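Protein chains in written order, with our numbering: chain A, 544 to 670; chain B, 544 to 670. Notes follow the structure.
Number of protein chains: 2
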Amino acid sequence: MGPAEIVSGFIAAIERRDVAAAVAMVSDDVSYENMPIDPIVGPTAVARTLEGFLAPASEVEWLVLRQVESGNLVINERLDRFRIGDGWLELPVAGFFEINDGKISRWRDYFDMGTYAEQLRGLTASD
Amino acid sequence: MGPAEIVSGFIAAIERRDVAAAVAMVSDDVSYENMPIDPIVGPTAVARTLEGFLAPASEVEWLVLRQVESGNLVINERLDRFRIGDGWLELPVAGFFEINDGKISRWRDYFDMGTYAEQLRGLTASD
Numbered sequence: 544m545g546p547a548e549i550v551s552g553f554i555a556a557i558e559r560r561d562v563a564a565a566v567a568m569v570s571d572d573v574s575y576e577n578m579p580i581d582p583i584v585g586p587t588a589v590a591r592t593l594e595g596f597l598a599p600a601s602e603v604e605w606l607v608l609r610q611v612e613s614g615n616l617v618i619n620e621r622l623d624r625f626r627i628g629d630g631w632l633e634l635p636v637a638g639f640f641e642i643n644d645g646k647i648s649r650w651r652d653y654f655d656m657g658t659y660a661e662q663l664r665g666l667t668a669s670d
Numbered sequence: 544m545g546p547a548e549i550v551s552g553f554i555a556a557i558e559r560r561d562v563a564a565a566v567a568m569v570s571d572d573v574s575y576e577n578m579p580i581d582p583i584v585g586p587t588a589v590a591r592t593l594e595g596f597l598a599p600a601s602e603v604e605w606l607v608l609r610q611v612e613s614g615n616l617v618i619n620e621r622l623d624r625f626r627i628g629d630g631w632l633e634l635p636v637a638g639f640f641e642i643n644d645g646k647i648s649r650w651r652d653y654f655d656m657g658t659y660a661e662q663l664r665g666l667t668a669s670d
């Protein structure tokens, strides 16, 4: 599998909320960098973080609006969607994935934390 | 000039705080999309927005950490730095630029507004 296919498989696993399958595609020294917060290092910490993101969602869709491969780098623009209660949280994201030896070794996501937090509050407040 | 050179020239103009030179490089129907907020359309509105960003800064450095060209698309990861008073505001940004007929017709920046606003508050509060 080439870098773009690995990233597509990774995103498909997240959409299935299959954290084990997703984490099987990252390297032992993976660094997962949500730019507003500190890097998350290693598969166990990545799994924990993904579980946290996915926990409130009954359905997950990460729409890849555009994807570019350049050497071992895959860049995409996404709309990450999480069905929470009766609504969808929608987060625009720019993702940068570095692939080494067939595994994702760095995953950097740029997004606006306020856009995420505000929608999460709105969707969970209605419970 | 190819797409990557146009983007580099655009960023160099911003670093010189030469808004007129920067805006000469965008198309009449340019859409400037800071993802946390509504799109800004047209050169006049782009100029006004850039002037707003640049006004508090005595020095501007946009460090391009990585840049990829793919067709008419240029993607970069940047650290946008603004010297304000005694300190530097530093904002990680992912930028997507579409070039048509030698002009920037779409400019989309992904970043965390809270990271920007918090530093701006801190640096201007010391006045």
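The beta-carbon is built from N, C-alpha and C at its ideal position, and this holds for glycine as well. Here the structure is a predicted model, which is why all the values come from computation and not from measurement.
### Task
Quick one: residues in its chain with C-beta nearer than 6 Å to the C-beta of residue 591 of chain B, no 5 flanking neighbours on either side, listed in chain order?
As a first step, residue 591 of chain B must be located in the second sequence, where it is residue number 48. Excluding sequence neighbours, residue 591 of chain B sits near nothing in its chain.
### Query
Is any beta-carbon of chain A found at less than 8 Å from that of residue 654 of chain B?
The residue labelled residue 654 of chain B in the question sits at position 111 within the second sequence. Yes, contact with chain A.
### Where residue 554 of chain A falls: helix, strand or coil (DSSP)
The residue you call residue 554 of chain A lines up with position 11 of the first sequence. Helix.
### Task
Name, going along the chain, the residues of the stretch 570-587 of chain A whose beta-carbon falls closer than 7 Å to a beta-carbon of chain B.
578 and 579
### Query
How far does the alpha helix (DSSP H) with residue 563 of chain A in it reach, from first residue to last?
By 1-based counting over the first sequence, the position of residue 563 of chain A is 20. Segment 562-566, the alpha helix (DSSP H) holding residue 563 of chain A.
### Query
Under 8 Å, do residue 586 of chain B and residue 571 of chain B count as touching if we go by C-beta distance?
Start at 1 with the first residue of the second sequence, and residue 586 of chain B comes out as number 43. Start at 1 with the first residue of the second sequence, and residue 571 of chain B comes out as number 28. A contact, by the Cβ cut-off of 8 Å.
### Query
Along chain B, which residues have their Cβ under 7 Å away from the Cβ of residue 599 of chain A?
Counted from its first residue, the first sequence places residue 599 of chain A at position 56. Correct list: empty, because the minimum Cβ distance to chain B is about 21 Å.
### Query
Measuring CB to CB, does residue 651 of chain B end up less than 8 Å from residue 578 of chain B?
Locating residue 651 of chain B in the second sequence gives position 108, where the first residue counts as 1. Locating residue 578 of chain B in the second sequence gives position 35, where the first residue counts as 1. Yes, they are a contact pair.
#### Entry: Continuous alpha helix (DSSP H) stretch holding residue 596 of chain A: start and end
Taking the first residue of the first sequence as position 1, residue 596 of chain A is located at position 53. Start and end: 586-597.
### Message
Please tell me whether residue 620 of chain A and residue 546 of chain A are closer than 8 Å, where the distance is taken between their beta carbons.
### Response
Position 77 of the first sequence, counted from the start, is the residue given in the question as residue 620 of chain A. Position 3 of the first sequence, counted from the start, is the residue given in the question as residue 546 of chain A. For residue 620 of chain A and residue 546 of chain A, no; Cβs fall outside 8 Å.
### Message
Less than 8 Å between the C-beta atoms of residue 596 of chain A and residue 618 of chain A, yes or no?
### Response
On the first sequence, residue 596 of chain A is found 53 positions in, with the first residue counted as 1. On the first sequence, residue 618 of chain A is found 75 positions in, with the first residue counted as 1. The answer is no: Cβ separation not under 8 Å.
#### Entry: Contact list for residue 550 of chain A against chain B, beta-carbon separation under 8 Å
As a first step, residue 550 of chain A must be located in the first sequence, where it is residue number 7. In chain order: nothing, as chain B lies at least about 15 Å away.
### Query
If you follow the beta strand (DSSP E) that residue 624 of chain A is part of, which residue opens it and which one closes it?
What you label residue 624 of chain A is simply residue 81 of the first sequence in a count that begins at 1. Note, residue 624 of chain A: beta strand (DSSP E), 616-627.
### Message
Quick check: the Cα distance between residue 668 of chain A and residue 628 of chain A, rounded to an integer number of angstroms?
### Response
As a working note, residue 668 of chain A is residue 125 in the first sequence. As a working note, residue 628 of chain A is residue 85 in the first sequence. C-alpha separation (whole angstroms): 10 Å.
### Task
Report yes if the C-beta distance between residue 605 of chain A and residue 549 of chain A is below 8 Å; otherwise report no.
Counting from 1 along the first sequence, the entry for residue 605 of chain A is found at position 62. Counting from 1 along the first sequence, the entry for residue 549 of chain A is found at position 6. Not closer than 8 Å, so no.
### Query
Which residue or residues does DSSP assign as beta-bridge partners of residue 642 of chain A?
Counting from one through the first sequence, the residue named residue 642 of chain A turns up at place 99. BP columns for residue 642 of chain A point to A/647.
### Message
Suppose the cutoff is 6 Å on Cβ atoms and the five residues either side in sequence are ignored; what does the same chain contact list for residue 636 of chain A look like?
### Response
As a working mapping, residue 636 of chain A is identified with position 93 in the first sequence. For residue 636 of chain A, where only same-chain residues beyond five positions count, the Cβ hits under 6 Å are 621, 623, 652 and 654.
### Query
Going by beta carbon distance, what residues of the same chain come within less than 8 Å of residue 584 of chain B, once the five residues before and after it are set aside?
Working through the second sequence from its first residue, we reach residue 584 of chain B at position 41. Once the five neighbours on either side are set aside, the close Cβ partners of residue 584 of chain B are 572, 573, 574 and 575.
### Query
In terms of alpha-carbon separation, which member of A/634, A/664 and A/566 lies closest to residue 608 of chain A?
Sequence index remark: in the first sequence, residue 608 of chain A carries index 65 (1-based). Of the candidates A/634, A/664 and A/566, the one whose C-alpha sits nearest the C-alpha of residue 608 of chain A is A/634.
### Query
What residues in the stretch 616-630 of chain A bring their beta carbon closer than 9 Å to a beta carbon of chain B?
616, 618 and 620
### Message
For residue 545 of chain B, list the residues DSSP reports as bridge partners.
### Response
As a first step, residue 545 of chain B must be located in the second sequence, where it is residue number 2. DSSP, once it has assigned bridges, lists no residue as partnering residue 545 of chain B.
### Task
Whole angstroms is fine: what's the gap from residue 630 of chain A's alpha carbon to residue 589 of chain B's?
Position 87 of the first sequence, counted from the start, is the residue given in the question as residue 630 of chain A. Position 46 of the second sequence, counted from the start, is the residue given in the question as residue 589 of chain B. The straight-line gap from Cα to Cα measures roughly 34 Å.
### Query
Would DSSP call residue 668 of chain A helix, strand or coil?
Working through the first sequence from its first residue, we reach residue 668 of chain A at position 125. Residue 668 of chain A falls in the helix class under three-state DSSP.
### Query
In terms of alpha-carbon separation, which member of B/580, B/559, B/552 and B/615 lies closest to residue 601 of chain B?
Working through the second sequence from its first residue, we reach residue 601 of chain B at position 58. Ranking the options by Cα distance to residue 601 of chain B, first place goes to B/559.
### Task
Spatial neighbours of residue 662 of chain A within its chain, please: CB distance less than 6 Å, with the 5 preceding and 5 following residues excluded, ordered by chain position.
On the first sequence, position 119 is the one that residue 662 of chain A refers to. So the qualifying residues of the chain are 632.
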